[in-house]
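Visitor: Structure in structure tokens, see below.
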Ligand SMILES: Cc1ncc(COP(=O)(O)O)c(C=O)c1O
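In this note's numbering, the protein residues as written are 47 to 312.
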């Protein structure tokens, strides 16, 4: 006998218990917070971890040779390991913490872009990008004399992958697209994009600002030479916290650390 699988119901009451901020009434109604795409609320575990850090071992990370500093450094590096596991990166060294997604894209544009882009090279974006994943590439194109191309959408808000046949060529050095659109909610076919980009020798930068809490593992699954960009808006201790992960990349393919960002834009 075949048992049809029941769709899993979301237990909103149990979920509410984990987020203390929801435990209040506003204008006489239980709080329903609908702006998570911009700033999501923190669960008790995150609040506890932050408070524990502040109360027990807040100190300079990587700068002190005393016990508290070593404890803080250990916790910091453990977080890097956890993020690496979360996005399926090959090792923690591939994770570079940044202030936010905008800084992460700027870091790649400055560090990778200035080193690898030359006059006449192409950068492929899509027209559904957040301005944080447009302006750094416009500035890079100006600095390096590169050309920007934009993938269009169909009338359902999906990427027109058929246009890749003409837009993606051996002159394309980087494809920078969002994993999930903050405006349309569209989830882009990451693996297909990675396959197509890598086939012409381009790298793929994925803006994971909206998608990483839902589908983090896909970043690394997209394969080698992926410059993955992660930002856990969901439950992250600070709203503005980002990371660049060169998931599945040989580090020489995506050397993004150790750069100053003098003119950030986005
Ligand atoms: C898809 C996407 N990319 C980039 C950003 C910019 O993020 P940040 O404020 O972390 O720089 C956002 C912010 O909401 C976003 O939704």
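Note that beta-carbon positions come from the ideal geometry of N, C-alpha and C, so glycine has one too.
#1: According to DSSP, which residues form a beta bridge with residue 76?
#2: For residue 221, report the span of its alpha helix (DSSP H) as first-last.
#3: Heavy atom of ligand 2 less than 6 Å from the Cβ of residue 176, yes or no?
#4: What first and last residue would you give for the alpha helix (DSSP H) that runs through residue 211?
#5: Taking residue 144 as part of the beta strand (DSSP E), name the residues at either end of that continuous run.
#6: When every heavy atom of ligand 1 is checked, does at least one fall within less than 6 Å of the C-beta of residue 130?
#7: Using DSSP's beta-bridge definition, name the partner residues of residue 129.
#8: Since I believe residue 68 is in contact with residue 77 (beta carbons under 8 Å), could you give me their beta-carbon distance rounded to a whole number of angstroms?
#9: Kindly identify the DSSP beta-bridge partner or partners of residue 168.
#10: Measuring only between beta-carbons, confirm whether residue 191 sits less than 7 Å from chain C.
#11: Do the CB positions of residue 228 and residue 176 come within less than 7 Å of each other?
#12: Considering residue 252, what are the terminal residues of the beta strand (DSSP E) in which it resides?
#13: Quick one: is the Cβ of residue 70 within less than 6 Å of any heavy atom of ligand 1?
#14: From the DSSP output, in three-state form, read off residue 66 for me.
Guide: In brief:
#1: 71
#2: Here residue 221 belongs to no alpha helix (DSSP H); instead the beta strand (DSSP E) covers 218-224.
#3: Ligand 2 is absent from the structure shown, which contains only ligand 1.
#4: 210-213
#5: 141-144
#6: no
#7: Residue 129 pairs with nothing; no bridge assigned.
#8: 5 Å
#9: In DSSP, residue 168 forms a bridge with 193 and 218.
#10: Although the question refers to chain C, the structure presented lacks it and comprises just one protein chain.
#11: Inclusion of residue 228 and residue 176 in the CB contact set at 7 Å is warranted, their separation being smaller than that value.
#12: Here the beta strand (DSSP E) through residue 252 covers 249-254.
#13: Answer for residue 70: no, Cβ out of range of ligand 1.
#14: helix
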